[in-house]
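In the UniProt record's numbering, the protein residues as written are 1 to 96. Everything below concerns the one structure shown next.
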């Protein structure tokens, strides 16, 4: 999953946010990943990202803030999730 994320957006820097591996664009977190015994989770660091793409996510378990999966997410879906989040970040920066 890390390779897919960095292939989609090579400019992202890896770090830790809220105790999980995260990928940042400047100081803003684009997404994060967590692996546990019960499976893996993708965190877009914005609940509205999952809501905006809910039609694409119907086959996945999720919470307000995370998408849960057992096998790697398709690259096209990761691209959609990341793009949605990066657009939010850019809009937020323009408002400042």
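Note that beta-carbon positions come from the ideal geometry of N, C-alpha and C, so glycine has one too.
Annotated three-state conformation of residue 52 is helix, per DSSP. Per the DSSP secondary-structure output, residue 28 pairs in a beta bridge with 25. Where residue 13 is concerned, the enclosing beta strand (DSSP E) starts and stops at 13-17. Residue environment analysis places residue 85 among the buried positions, since at least 16 neighbouring C-beta atoms fall within 10 angstroms of its C-beta. In the structure shown, residue 66 falls within a coil segment according to DSSP collapsed to helix, strand and coil. With contact defined as three or more Cβ pairs closer than 8 angstroms, the region 14-31 and the region 51-68 are not in contact.
When beta bridges are read from the DSSP output, residue 41 appears opposite 34 and 68.
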